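Data first, discussion second: the structure below is written as structure tokens.
Numbering (this note's numbering), first residue to last: 142 to 1238.
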């Protein structure tokens, strides 16, 4: 773009966002104000933004085949072509050129803000130690020229002095002379170049070329040979000999460092391919041994008729057996094989209690209640049983995997020999039990900053540690490095053929966004039918640089190029089913330096909530400025920065600078956050930091997740005879925060659709607050490529509201098809663009699928049972509320099966508040038959359980340990409207008040949401507090990302809605209620199942 400008132009704003451009023009507040920015939708194009009557009009500037520029203005105006942007702008200062008004007042760029307004750096003047001369700032004014010249001279003298004290006997004389000449004169010229805005250091480049002259020629001589050897290894083996590949010419214009990097990668590739060929030929598996998980025995107490005898549970993952023993060394003839262990049900009230549901050889269903020594032991047992079910599953493809995510600022120091604790999630915070040490994750994603090792050395180090822990040789999926910022992704060998579409990229956010000392690296790939993205970032340091860090985040969000290229309108927060963001984010806690000692005291007392109330990242997230709709597990570990090296007992919170003492207060700089599509299974199993890795001033941070994945689905139905499914979207209304004067349409994207679908133009209505309401009246039909519910219910529809003038996005959102599986459903989406909230989108969706049974998911094996059902009298007598009854089965789907028109509305929003416990009317008892036929349909086809007392036993999926607080919801006696199916509302119904709400409507229960981190002990967002000792009571509530729900109209009477059938509720097995199933519900005998020992009494 620079060649289009020829020189600096005040009206050109580069890659600023559309919303930022609107803000600048609004501040200008004069008709005819204008600016030009880069187009967000077309590479190489521009957008001309003009203010007129307090509205922003945007015109595209497009290049033609001859690189000539033209403005897409009003029809009937002759198109003019220009070579340069300044020529174009000059011409459009004239009136009657097809714009809404001619250009008059250029809006200049704002200077970037480095520090917080009104906030000073925490420096205390003192007498600093003698420091070497510093490189002075480059933007030197004329009045400071003498000072700048003195600084440059001082720099030259310093380097010359250092050179004189070095032993140069091994350096050739011509190289010595070249280095001396550079430090004597050329370094001064480089400083002058930098001051004039040229950061390329031509003097240094010239020196390196001279020193590496022979090396360059040697690379040119060696590389063709290595290329040829590599291509021979790379060819497919066949009986015939193909034509030898033509040599690729060496680009001598590349820098020596780039050529060396290519040469190094080439040598590594040769070594890997040669090893692979030799190993395959010899039948050697490369050391990919199968993981061997040792036998583990748990001491428990059995709950039986008020008596608690001691028992021992022995888990043999490899053979798939669970032994029940009365003594530790007792006989092992009483056991159940993996497919006879039907379900684990955790007690939510008593965090050490677990119910094991098993099937006996006589096909009886038994519930065995046990109490473990502590919560972590119970969790370790559950993880081993989950691993057993996974390992012995008969499914051809997994529907659940585990992912380890780690981040560590290595402080430019070589790591210690033993870093096992990091990968085993050992240390502080939410950690794993020792019994789960040898359970391997499916993926390991490791992000490092200030990493001093080479790519190969670090990757081999990590692989070696994992091989030692798990007995598995992990395969490298990807590795990407930007300066000292690195990300490595490793996977189990058996997943190699399930991984595809691997991309990696990096973004620099250092000085002027040209240096890679700060920035981000990312990797994305597909695992069967599920997309994953991982971003490792190192943001700007300094307590006072909060705004710069926010800008770093936005730049990474916009320019990191990962994922499906067809999703170009969406940033990376919408491109992946699961996105994990890790790294040294460098956000600090905001306290005055005088409180430093008090902060350390709070840390020693583990009073973290007092400090987290002033955590910059938490405050910025709460204000919606960064990481919008991301989730982070509760922090229960000490700040990970800034320690004295070689100890974790002392924080080094002061640092001597030439200007005084700088304070780096202990802070949680190193973090792991995630964002997933709505209504997918995500559970955080661990989040903490290590205690024993002390080579850096940062502690490594670990997190592990249990994640639901979708298969590459192959329909079992004949595509020619199977009925065509469909997705109907209707009555869409968008509220957009914009002053743009344009028309809008909605674009629908999904991997399950045959093609991208667009609506027609919407009808705009301007609101006094400056926002625009857009009504899209027509119903849209989306045709899925496969209509089986097994496939469709795992899919999502991405929606993008775009402008007709520039085809640019004004907001994106996502809807889960699982939310619309039963009936017409209203949705409410928060629209975002480049990480900012830009509006909302309301509408209705209905899903039509073929008739087929969905299979049970592996992650439904473990449930959480709420022990204290909450009774409430529902409106309409003793019928129990379907809206309430379904919020129990699986928090990963968060009540997705809620029936009734706009009651089914939690498949879209990332920002929903926690929902109150489910309630049941007095008549709930009547729905229970035989102790098994219970409740209403759950999202995965399971049923919700009504207990013996008629109360609903709430089930939450896979939270870990700690206490679950009561949900803050509706009072017990508050009446709830009765729900039933609603037919799709007509246009008048939806457009008049559907989106804006209705003050006369009765209150609606607030849903819990998902993408979800299911932990039971996540506290509420902390409130600001001072650091002085005081009584502080920690409030504990369930961990949930938020989710929103539009207002609902009260349901119409049943008689006024003819023709809407009551849904048929399937009743698959559920094992959370009685000790034995009635005979009519017993499953058929399973052939070829190994016999077990005697039934346990």
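Glycine is no exception: its CB is placed at the ideal position from the N, C-alpha and C atoms.
Quick caveat: nothing in here was measured; it's all calculated off a predicted structure.
Contact between residue 657 and residue 624 is confirmed by a C-beta separation of about 4 Å, below the 8 Å threshold. Counting along the chain, residue 915 sits inside the beta strand (DSSP E) bounded by residues 913-917.
Excluding residues up to 5 positions away in sequence, 779, 780 and 807 lie with their Cβ nearer than 7 Å to the Cβ of residue 744 in the same chain. Between residue 679 and residue 703, the alpha-carbon positions lie close to 18 Å from each other. Out of 955, 954, 911 and 952, the CA that lies nearest to the CA of residue 196 is found in 911.
Closest by C-alpha distance to residue 837, out of 591, 366, 199 and 412, is 591. Check the Cα spacing between residue 731 and each of 784, 775 and 804: the tightest is with 804.
The segment 643-660 and the segment 624-635 touch, with no fewer than 3 CB-CB distances between them shorter than 8 Å. Distance from the CA atom of residue 585 to the CA atom of residue 845, rounded to whole angstroms, is 9 Å. Residue pairing for residue 746: DSSP places it in no beta bridge. Exposed is the label assigned to residue 149, since fewer than 16 other Cβ atoms lie within 10 Å of its Cβ.
Per the C-alpha coordinates, the member of 843, 891 and 668 positioned closest to residue 569 is 843.
Taking a 10 Å sphere around the C-beta of residue 244, we find 16 or more other C-beta atoms and assign the residue as buried.
Assignment of beta-bridge partners to residue 587 by DSSP yields 547 and 629. Contact annotation: the segment 978-997 touches the segment 868-884, with at least three C-beta pairs closer than 8 Å. In the DSSP assignment, residue 844 falls outside any alpha helix (DSSP H) and within the unbroken beta strand (DSSP E) covering 842-849. Cβ-Cβ separation between residue 436 and residue 455: approximately 6 Å, consistent with a contact (criterion under 8 Å). Under DSSP, residue 795 forms a beta bridge with 804.
Membership of residue 667 in the beta strand (DSSP E) is indicated by the continuous run 660-668. Apart from sequence neighbours up to five positions away, the residues of its chain that approach residue 996 with a beta-carbon distance below 7 Å are 931, ordered along the chain. Residue 878 has its alpha-carbon roughly 19 Å from the corresponding atom of residue 188. Contact annotation, residue 492 with residue 529: C-beta distance approximately 22 Å; criterion of less than 8 Å not satisfied.
If you draw a 10 Å sphere on the C-beta of residue 350, you find fewer than 16 other C-beta atoms in it, and that means exposed. Under the rule that a run must span 3 or more residues, the beta strand (DSSP E) segments found entirely inside the segment 460-540 read 462-466, 476-478, 482-488, 494-500 and 506-512. For residue 932, DSSP records no beta bridge to any residue. Closest in alpha carbon position to residue 205, among 198, 213 and 199, is 213.
Between residue 939 and residue 642 the beta-carbon gap is near 17 Å, outside 8 Å, which marks them as no contact. Secondary structure of residue 302 (DSSP, three-state): helix.
For residue 691, same chain residues with a beta-carbon under 7 Å away, outside a window of 5 residues either side, are 761, 766 and 767 in chain order.
The straight-line gap separating the alpha-carbon atoms of residue 725 and residue 550 is approximately 7 Å. By alpha-carbon distance to residue 961, the top candidate from 933, 296, 559 and 810 is 933. Here residue 304 has 320, 321 and 324 as same chain residues with Cβ atoms under 8 Å from its own Cβ, once five neighbours each way along the sequence are excluded. Residue 890 and residue 672 have their C-alpha atoms spaced approximately 14 Å apart. In the three-state reduction of the DSSP assignment, residue 826 falls in the strand class. Secondary structure in the segment 192-263: the alpha helix (DSSP H) runs of 4 residues or longer, each lying completely within the stretch, are 226-232 in chain order. As the crow flies, the alpha-carbon of residue 237 is around 18 Å from that of residue 247.
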